[in-house]
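Inspection log for the structure reproduced underneath, given as structure tokens.
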Amino acid sequence: SVCAPLPVLGRDVRVPLVTGGEVDYAALDYAASAPALQRVWDDVAAYAPYYGSVHRGAGYLSQLSTDLFENSRRTIADFLGCRADDQVVFTRSTTDSLNLLAAALPQDTRVFVFETEHHASLLPWEQRADVDVTYLDAPRTPQQAVDTLEKALAEREPYGPALVCVTGASNVTGELWPVRELAAAAHAHGARIVLDAAQLVPHHPVDLAELDADWVAFSGHKLYAPFGAGVLAGRADWLQAAAPYLAGGGASRKVTRRVSGDGAGGVDVEWHTTAARHEAGSPNVIGAYAIASACRALTEAGFPELIAREQELIDRVTAGLAEVPEVQVLSLFGADAARVGVLSFVVEGWNSSHFAAALSAEYGIGVRDGLFCAHPLVRTLLGSEPQDPGECGAPEAAPGERSLNAIRVSFGVGTPDEHVERFLRAVK
Ligand code: PMP
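The opening residue of the sequence shown carries number 3 in this note's numbering; numbering runs sequentially from there.
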């Protein structure tokens, strides 16, 4: 193999099988949440005894924590190829980052978004009553994605501020979207672009300057760091001009009581224009530090090696599934599309939820089934009609009917060959 899997937490977790005995857990649901890198965990553990409040304390540990927090911001800016005046804002997750950007859009912004997006990048825009959203049909090739966007942008000109939101790699098909070309199309028509990189950053380098993208959003828990922290990075101007995402301490630079004639008055607030403007409240310093540690670990391991290793696993899974005639792999862009280690499929004659449950109970393999928070995309891929997803978001097909949901297998830097081999054996 090109390079060995990186050490991650959870490798020693053993799970019972219904058939008797137990096995080590095969985590093949990296796209939902990836296991933390051992290196990230060690960094966090080494720092934990020293943590203190950020931007608030005079004490030594507060100073240390503030340095770690701000240095983490710089590490992440470097990792993302940020330009000199870009801002890195710490959020809770990709969902939070995209909601922050939606809240920060200038008035009457026009948004363009493909119907194939994850709900986190599909839904925040309509929360703004003054924002006009254009939904674009699912393209069937990367070139068609560019053409569809070009046409929609051209048809609606002239407009004021405009934003294109697109995912870098699909959380359903794993397919890579032509981000550079979409960014060029957006800019050619005076629009900006935000990249939902939740599934891209764990697998590929993302360089904002090189891609000429305006913003990028991602989550720590998919990038081999623990839960609770995410990032929105990119252009500062719209963020600086917007009302603070959360109002409170840390975001405000100066607050003054204003007393009017009748004694009521109010407060005058000067908000920060740095990233702090949108980070009110005590920040998640551990979360930020963990993301920075993951960025360092991946950079040091080397993306070319990690990508080559992952491609071996992708090829193995694709070839193995192709040997099973009942398996249909879901794809928008066709069999030859470039993808990350994320792949969804249905199995003829099987309810996807039962299939996923059997992989867990009989083989100790953790995958995901359902509609993957991308309902319109999965329905397009399955050719199915909208159904009530039910309590668990996993509608059941009657025997002999088309599947209404799918099974997703996903992996990354910690996946050993054996997990992939066990998965293929189980499917067969
Ligand atoms: N976008 C994509 C492409 C995703 O895969 C996910 C997570 N499944 C999200 C956004 C949302 O991420 P989070 O749940 O961490 O906010």
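Ideal placement from N, C-alpha and C gives every residue a C-beta, glycine not left out. In this text, all values refer to a predicted model and were calculated from it rather than measured experimentally.
Hey, could you find the ends of the beta strand (DSSP E) Asp134 is sitting in?
-> Asp134 to Leu138
Nearest to Leu383 (by Cα), restricted to the options Leu345, Ile367 and Gly322 = Leu345
Quick one, are the C-beta atoms of Gly230 and Ala282 less than 7 angstroms apart?
-> no
Three-way DSSP call (helix, strand, coil) for Thr175 in this model | coil
From Gly351, Ala408, Asp198 and Leu213, pick the residue whose C-alpha is nearest to that of Glu183; which is it?
-> Leu213
Start-end ranges of the alpha helix (DSSP H) lying completely within the stretch 72 to 143, minimum 4 residues = 96 to 106 and 121 to 124
By the 10 Å Cβ neighbour count, where 16 or more other Cβ atoms means buried, how is Val10 classified, buried or exposed?
-> buried
Can you tell me whether DSSP reads Thr258 as helix, strand or coil?
-> strand
Proximity below 7 angstroms, CB of Val174 to CB of Ala376 = yes
Three or more beta-carbon pairs under 8 angstroms between the stretch 315 to 323 and the stretch 145 to 158, yes or no?
-> no
Taking buried to mean at least 16 other C-beta atoms within 10 Å of its own C-beta, is His223 buried or exposed?
-> buried
Residue range of the unbroken alpha helix (DSSP H) whose run includes Arg311 | Phe305 to Ala324
Limits of the unbroken alpha helix (DSSP H) element including Ala359 = Ser354 to Tyr365
Cα-Cα separation between Leu197 and Gly23, rounded to whole angstroms = 45 angstroms
What alpha helix (DSSP H) runs, 4 residues minimum, are completely inside the stretch 164 to 224?
-> 181 to 190 and 210 to 213
According to DSSP, residues forming a beta bridge with Ile409 = Phe347 and Asp371
Start-to-end residues for the alpha helix (DSSP H) that takes in Val269 = Here Val269 belongs to no alpha helix (DSSP H); instead the beta strand (DSSP E) covers Gly268 to Trp273.
Grab me the residues of Trp273's own chain with a C-beta within less than 7 angstroms of its C-beta, minus the 5 sequence neighbours each way, in chain order.
-> Pro246, Ala253, Ser254, Arg255 and Arg279
Just grab the DSSP bridge partners of Asp31 for me.
-> Ser412
Does the beta-carbon of Gln201 have 16 or more other beta-carbons within 10 angstroms, so that it is buried, or is it exposed?
-> buried
Where do the ends of the alpha helix (DSSP H) carrying Glu24 lie?
-> That residue, Glu24, is in no alpha helix (DSSP H); its beta strand (DSSP E) goes Glu24 to Asp26.
Looking at His205 and the ligand PMP, is the gap between the Cβ and the nearest heavy atom below 6 angstroms?
-> no
Secondary structure at Arg41, three-state DSSP: helix, strand or coil?
-> helix
Please confirm if the stretch 76 to 85 is in contact with the stretch 302 to 311, defined as three or more CB-CB distances below 8 angstroms between the two stretches.
-> no
Beta-carbon proximity of Leu361 to Asn407, cut-off 7 angstroms | no
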